[in-house]
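Residue numbers (full-length UniProt numbering): 1 to 423. A virtual CB, placed ideally from N, CA and C, is assigned to each residue, including glycine.
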C-alpha cells in the first residue's frame, strides 16, 4: 500500500542572500562621532551604526546624564535620536535637559512608556538613527503573560527585539540600553544579556566625588582596555581630554611642598601623569592609622613594611594617609615607588622637585622592579618637559630617542632615598 501524499507542497524557506566575505562592508567602517572625546575613545572612535550597547553603573553615577549628552551631540550632527524611558516622564527628562543644555537640539525625541511593543511602533514612526532605552529592566513585551518587567524572560525578549532593530540590514541603527547594577556591581539580570550585546560599558565613580571613569568590558568593534574620564558638574559630565593636567596640582616652578611625588600610570593606550600625596603624623592611639584612598589598605601596609625594613624609616608611631590629586585609584605596581617616596618626603618634611618622577615597583627585598611600557611612560614625561625620572636598574630601556630627560637607574629603595634626599 502506498503512503498517502500530502495535498500541499511545503512552503519554500526564506534564506538570506549569501555574500562573499571580501564584498561585505565592515560594520565599524561607519561610526557616529559624538563630539565627546573621552566617550569616543572608549567606543573605539565612535558609535557603530548597527550596534547594540549596554551601559551600567551604580545609581547616581550619571549614566542617564551621559546618554542624554550623547543624544544631544549626535542630534547636533544632523541625525535623529529617540530617547525612551521606562523610569522618567517626558517632563522629567526635559527638566534634566534644561539643566544640561543652553538650547535643546530639535533632533532629539523623547518617549515615556513601559511597553516595548509601543516603543517599536514609535521607532517605526520616528525612524531614529540612535535609540536609547533607559532602562531595559523596566520594559515588558506582549505575548509573555505572567512575566513581569525585570524578569529574565522579559529582559531577554525585549533585548532580542532591540537587537533585531539594530541589525536590520535595510535600516541599521545604533541602540543603547541602560542596565541596572546589582549590589555585586554587575548588570542586574541574566548574564545572557551581556553575551547578546556588542559592547558593555561601565561608568564608575563615588557619588561624593566629581571623577567618573568609563570603561568597556566587552567591545566587538574595538579594544577593551581603553578608559575615559569625566568630571561630574552641575552642568553634567565634562570630558577630561587631558587627564594628566586633571591628576596633577598646578604649582609655580618654585612652589614646592613635602609629601608629594609624581608617577606615570598606563591607562589603556595612553600614559597619564599622576600626583600622589602623603601625610605622616604622630599617632595618639595604640594602633596607627593606614588610610589609602587610592590603593587597597593591604597594599599600603605592605609598602609601609618595606619602607620600615628596607628603607630604615620607623613608622610604628605614625599615622599615614595617602591619596591622589583628582581621586584616581591604582591597580598597577608601577606606582609603588612613588607612593613610598611621597611618604618619605612627608616624614622628612622635605620636598621633591616637581620635575622629578618615579616609575618602578618595589619588591619585598627593597629592590626596584621593572614595569611594562616603560618607554611609553618616559616619552610622555620627555614630551611634557620633565627633567628626571627614577627607574629600576634592570629595566632594559632600549629607546635611544629619549634625550631631554635624565634617567636615573637605581637598584634599591635605599639608593633612591639617598640620591633624592642626600641621606
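For residue 204, same chain residues with a beta-carbon under 6 Å away, outside a window of 5 residues either side, are 213 in chain order. Shown here, residue 39 sits in a helix according to DSSP, grouped into three states. Taking the Cα of residue 139 as reference, the smallest distance to any Cα among 111, 127, 130 and 166 is reached at 111. Every unbroken stretch of the beta strand (DSSP E) spanning 3 or more residues and falling wholly within the stretch 254–299 is given here in chain order: 260–267, 270–282 and 290–292.
A distance below 7 Å between beta-carbons, with the five flanking residues on each side excluded, links residue 404 to the following residues of its chain, in chain order: 382. In the three-state DSSP reduction, residue 338 falls in the helix class (H, G or I). By the C-beta criterion, the stretch 131–146 is judged to be in contact with the stretch 166–186, since at least 3 inter-stretch pairs fall below 8 Å. In the displayed model, residue 114 falls within coil according to three-state DSSP, outside both helix and strand.
Looking from the CA of residue 108, the closest CA among 167, 126 and 22 belongs to 126. Note that the C-beta distance between residue 294 and residue 268 is not below 9 Å. Secondary structure at residue 248: coil, using DSSP grouped into helix, strand and coil. Between the alpha carbons of residue 349 and residue 155 lies a gap of roughly 58 Å. A Cβ-Cβ distance of about 4 Å is found for the pair residue 370 and residue 395, placing them in contact under the 8 Å criterion. If you look at residue 386, you'll find it isn't in any beta strand (DSSP E); DSSP assigns it neither H nor E. Distance between residue 35 and residue 312, taken at the CA atoms: about 52 Å. Within the UniProt domain "RecA family profile 1" (28–181), the runs of alpha helix (DSSP H) at least 4 residues long that lie entirely inside it are, in chain order, 37–42, 63–76, 90–100, 116–126 and 152–167.
Setting aside the 5 residues that flank it on each side, residue 192 is surrounded in the same chain by 156, each with a C-beta closer than 7 Å to its C-beta; the list follows chain order.
Setting aside the 5 residues that flank it on each side, residue 82 is surrounded in the same chain by 109, 126, 128 and 131, each with a C-beta closer than 6 Å to its C-beta; the list follows chain order. The alpha carbon of residue 216 has as its nearest neighbour, out of 210, 91 and 229, the alpha carbon of 229. Between residue 343 and residue 307, the C-beta gap is smaller than 9 Å, which places the two residues in contact. Within a 10 Å sphere around the beta-carbon of residue 53 sit 16 or more other beta-carbons, which makes this residue buried. Per the coordinates, the alpha-carbon of residue 322 lies some 55 Å from the alpha-carbon of residue 21. Non-local beta-carbon contacts of residue 234 in its own chain, meaning distances under 8 Å to residues more than five positions away in sequence, involve 99 in chain order. Residue 338 and residue 263 do touch by the CB rule: their CB atoms are close to 3 Å apart, below 8 Å.
The three-state secondary structure of residue 409, taken from DSSP, is strand. Residue 273 sits away from residue 406, with the two beta carbons spaced by 9 Å or more.
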